[in-house]
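The letter at position 143 of the sequence shown is residue 278 when you use my numbering, and the numbering goes up by one with no holes.
Backbone N, C-alpha and C fix where the C-beta goes; we use that ideal spot for every residue, glycine too.
Okay, structure first, notes after.
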Amino acid sequence: MKRYTLIYIIALLLGSSLTVNAQSGLVDHSFKERKPAELPPVREADVIWQKTLWRIIDLRERMNQNLYYPTVSIGDRKSLAYCLLQGIQQGEYLGFKPGDTASEFSEPMTWGEIVSSMTSGFASTMSPDSIPDDYDIQDNIDFSLVKQLMVKESWFFNKQSSRMEVRILAICPILIYPKDIVNPDENLVRKLTFWVEYPDTRNFLCKNMVFNPYNEARTLSFDDVFINRKFSSYIVGESNVYNNRFISQYAKGEDALKEMKRIENEIFNWEQDVWEY
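Put into structure tokens, the structure is as follows:
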């Protein structure tokens with residue numbers, strides 16, 4: 136009996152030691168070696184319906200705050216905006232100029248242009264051509280101004296799996312700051328910075344931790360958050376004949392909310408209407 140008690144105590148001590156070490160970041164070296172989960176391949180012939188949507192993820196919402204904080208890096212913890220910019224700086228993927236939906240991903244941005252896009256209108260900035268490759272983004276860029284993300288995604292019905300599926304295509308950080316620093320609560324400026332193609336970012340984002348507010352023992356990556364759709368968002372546009380215009384261009388207030396709901400219902404109803412009961 137004493138023998139089994141001793142073994143049990145040793146096991147508890149070893150377990151608590153591993154837990155403490157994991158919390159201090161001394162054990163989990165495998166996180167930097169992670170690879171993104173492979174998505175099931177989809178044949179073009181199996182896609183019988185498809186719709187492109189644009190969404191806004193407001194980082195000020197409680198569910199999305201783990202993508203916003205920390206605005207200044209704490210050890211291995213960084214904000215999503217910092218990680219996206221760091222990946223570009225390290226040459227993991229390209230950034231593209233934000234423009235109309237017809238020209239998305241057609242004009243790559245230089246590193247200097249991307250850094251300049253991340254500064255507010257009244258901030259003192261260097262010329263894009265003079266910004267070095269090793270520019271210190273942590274000390275020189277205010278990531279607290281990145282308060283929204285625009286996400287482009289594709290919804291489609293896969294007849295092979297007989298269900299509606301979604302793939303995130305791209306992400307664009309959005310700065311929100313006052314036009315006049317003297318009156319910070321008036322005339323807010325909303326500035327799209329740069330697009331990154333999400334499939335290209337997954338190898339990098341899956342190696343960067345994000346705080347899990349529900350269970351610290353279950354470590355998540357930014358890729359986990361997006362692939363498992365652990366975020367809150369609302370629709371701002373859909374592919375359409377009118378040059379893919381956004382809802383704000385033709386509806387305001389309550390009418391805009393009704394239009395968002397209509398688009399959501401269209402996707403839900405299309406899947407339900409396929410089945411016979």
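1) For Val331, which residues does DSSP report across the bridge?
2) Can you check whether the CB of Val331 is closer than 7 Å to the CB of Ile306?
3) Could you give the distance in angstroms between the alpha-carbon of Ile272 and the alpha-carbon of Gly210?
4) Distance check for Gly247 and Phe403, CA to CA, integer angstroms please.
5) With a threshold of 8 Å, are at least 3 pairs of Cβ atoms found where one atom belongs to the region 194–205 and the other to the region 362–381?
6) Please report how far the alpha carbon of Leu161 lies from the alpha carbon of Trp405, in whole angstroms.
7) Anyone know if the C-beta pair for Val301 and Glu321 falls short of 7 Å?
8) Leaving out five residues before and five after Glu196 in sequence, what residues of the same chain have Cβ atoms less than 7 Å from its Cβ?
9) Sort Arg353, Thr254, Asn338, Leu215 by Cα distance to Pro171 and report the nearest one.
10) Under 8 Å by Cβ, that's how I've got Met427 and Gly234 pegged, so tell me the actual separation to the nearest angstrom.
11) Does Tyr312 come out as helix, strand or coil in the three-state DSSP assignment?
12) Over what stretch of residues does the alpha helix (DSSP H) that includes Gln200 continue unbroken?
13) Mapping the DSSP letters down to three states, classify Pro263 as helix, strand or coil.
The short version:
1) Ile306
2) yes
3) Their backbone Cα atoms lie some 15 Å apart in a straight line.
4) 43 Å
5) Between the region 194–205 and the region 362–381 there are three or more inter-stretch CB-CB distances shorter than 8 Å, so the stretches are counted as touching.
6) Unreliable positioning characterises Leu161 in this predicted model, as indicated by a pLDDT of 41, which lies under 50. The coordinate reading is nonetheless provided below. Each residue's alpha carbon lies about 49 Å from the other.
7) No. Outside cutoff.
8) Contacts found: Ser367.
9) Asn338
10) The chain is shown from 136 up to 412; residue 427 falls before or after that span and cannot be answered.
11) If DSSP states are grouped into helix, strand and coil, Tyr312 belongs with the strands.
12) 200–203
13) Residue state, collapsed to three classes: helix.
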